[in-house]
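**Student:**
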Amino acid sequence: MSASSDPEAGFGIAGQVAIVTGAASGIGRATAIRLAAHGARVTAVDIDGGRLAGLEGCVTATADLSRPEACEHVVDTVLAREGRLDILVNAAAILRRVPIPEVDPELWDEVMDANLLSQFALCRAAVRPMRRQKSGRIVNISSTAAFNGGANASSVYAISKGGVLALTKSLARQLAADGVVVNAVCPGGIDTPMGRFGFTEESWNAHFQANALLRRAGQPEEVAGAIVFLVSDWASYVTGHTLDVEGGLMLR
Ligand SMILES: NC(=O)c1ccc[n+]([C@@H]2O[C@H](COP(=O)([O-])OP(=O)(O)OC[C@H]3O[C@@H](n4cnc5c(N)ncnc54)[C@H](O)[C@@H]3O)[C@@H](O)[C@H]2O)c1
């Protein structure tokens, strides 16, 4: 993508080669669908291969991205097939609610590997082709938990999401000279299996009525819209940025 390409012509996304992780569900799935609808050549990756079925217009791949070698393999496979990589969206993650005194090394590793090491390893692998191409767009999904410490004992999750913001800013600094932009999106209160975890229907509705300025939870498609903006030519001068998509939950 370049500053001279025409943003009106499909936002500069048509024909771009993209990897979207966490694509079996929620925000990752909505993003894969939207990018494919705009003409991107999307590889949709998830640990849950069964639920990747039906992703129209995407190539699908099953991988446990908490293993760095699996991340390398995903990028290598896309490069072998497509010859380039333009867009990486890191959405895969897990949520565990355990108070800090009860966090053991296994839980720490499980969450940090799935949420932070995976993003690190995928970014590291994606940087090589993007540097060669002198272009690329990376969006890492963090969370409002990075700012508020994580509700209901989601401490290690919050720590991993803070790490995602630091990873994003660090990469943005190191890759700007190569024409690669790196940004983060912080969703909050999105209607997905992870978002609803621990809520009843009643407590879910009551929570957003009371706390979100927009008085409702968000839909995965509303986060996908922000992600598509950040990987499009509309955002060609945006890097190292954190875009909150949370209906005003964090406004104080
Ligand atoms: N839903 C929210 O309210 C909310 C709020 C803040 C941040 N987020 C973030 O948004 C992103 C998407 O979350 P979502 O709400 O769509 O959740 P989700 O649970 O619907 O989807 C997450 C997907 O990641 C996949 N995944 C988990 N571990 C994996 C691994 N090791 N390898 C490959 N895939 C793996 C899961 O199988 C699942 O399909 C996550 O990074 C999450 O932390 C969501």
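Taking the numbering used here, the leading residue of the sequence shown gets 7, the next gets one more, and so forth. No residue lacks a Cβ here, since even glycine has one placed at the ideal position from N, Cα and C. Everything numeric in this text was worked out from a predicted model, so none of it was measured.
What three-state label does DSSP hand Asp119 in the structure shown?
**Tutor:** It is helical.
**Student:** Answer yes or no: do Gly195 and Phe214 have a C-beta to C-beta separation smaller than 8 Å?
**Tutor:** In contact: Gly195 and Phe214 (Cβ atoms closer than 8 Å).
**Student:** Jot down the residue ranges of each uninterrupted alpha helix (DSSP H) in the segment 162 to 207, minimum 4 residues, whole runs only, in chain order.
**Tutor:** Fully enclosed alpha helix (DSSP H) runs of 4 or longer: 199 to 202.
**Student:** May I ask you to list the residues that DSSP assigns as paired with Arg143?
**Tutor:** Its beta-bridge partners are Ile93 and Val187.
**Student:** When you compare each of Thr248, Gly231 and Lys140 to Ala172 by their alpha carbons, which one comes out closest?
**Tutor:** Of Thr248, Gly231 and Lys140, the residue nearest in Cα terms is Thr248.
**Student:** Within its chain, find whatever has a CB closer than 6 Å to the CB of Val23; leave out the 5 residues flanking it on each side and keep chain order.
**Tutor:** Closer than 6 Å at the Cβ level, and outside the excluded window around Val23, lie Arg47, Glu88, Arg90, Leu91 and Asp92.
**Student:** May I ask you to list the residues that DSSP assigns as paired with Leu220?
**Tutor:** Paired residues: none, contrary to the question.
**Student:** DSSP on Gly246, reduced to helix/strand/coil?
**Tutor:** In this structure, Gly246 counts as coil in the three-state DSSP scheme.
**Student:** Hey, is the segment 118 to 138 in contact with the segment 66 to 75, meaning 3+ C-beta pairs nearer than 8 Å?
**Tutor:** Yes: the two stretches touch, three or more of their Cβ pairs being nearer than 8 Å.
**Student:** Which residues share a DSSP beta bridge with Arg47?
**Tutor:** Bridge partners of Arg47: Val23.
**Student:** Along the alpha helix (DSSP H) that carries Leu65, what are the first and last residues, could you check?
**Tutor:** Note that residue 65 corresponds to Val in the displayed sequence, not to Leu. Taken as a continuous stretch (DSSP letters only), Val65 belongs to no alpha helix (DSSP H), being part of the beta strand (DSSP E) at Cys64 to Thr68.
**Student:** In angstroms, rounded to a whole number, what distance separates the CA positions of Gly231 and Gln180?
**Tutor:** Looking at the two C-alpha atoms, the distance is approximately 26 Å.
**Student:** For Gln139 and Ile39, what's the separation of their Cα atoms in angstroms?
**Tutor:** When rounded, the distance between both Cα atoms is 25 Å.
**Student:** Return the CA-CA distance between Ile165 and Ala178, expressed in angstroms with no decimal places.
**Tutor:** Whole-angstrom Cα-Cα distance: 20 Å.
**Student:** Near Ser10, what residues of its chain come up, given a Cβ to Cβ distance below 7 Å and the 5 sequence neighbours on each side ignored?
**Tutor:** Unreliable positioning characterises Ser10 in this predicted model, as indicated by a pLDDT of 45, which lies under 50. The coordinate reading is nonetheless provided below. Counting only Cβ-Cβ distances below 7 Å, and skipping sequence neighbours, we find nothing.
**Student:** Taking the beta carbon of Met7 as the centre, do at least 16 other beta carbons fall within 10 Å, making it buried, or is it exposed?
**Tutor:** Its pLDDT being 45, under 50, Met7 is placed unreliably by the model, and nothing is read from it.
**Student:** Taking just the CA atoms, how far does Glu252 sit from Asp115?
**Tutor:** Near 28 Å, if we compare the C-alpha coordinates of Glu252 and Asp115.
**Student:** Keeping to the same chain, check which residues put their C-beta closer than 8 Å to that of Ala42; ignore five residues upstream and five downstream.
**Tutor:** Taken in chain order, the residues that qualify are Val48, Leu61, Glu62, Gly63 and Cys64.
**Student:** Let me check you understand the geometry: is the CB of Gly32 closer than 7 Å to at least one non-hydrogen atom of ligand 1?
**Tutor:** Answer for Gly32: yes, Cβ within range of ligand 1.
**Student:** Confirm the yes/no value for this check: CB of Met200, any heavy atom of ligand 1, distance under 7 Å.
**Tutor:** Yes, ligand 1 has a heavy atom inside 7 Å of this Cβ.
**Student:** Bridge partners of Asp52, per DSSP?
**Tutor:** Thr68, per the DSSP bridge assignment.
**Student:** In terms of residue numbering, what span does the alpha helix (DSSP H) encompassing Thr83 cover?
**Tutor:** That run of the alpha helix (DSSP H) goes Pro74 to Glu88.
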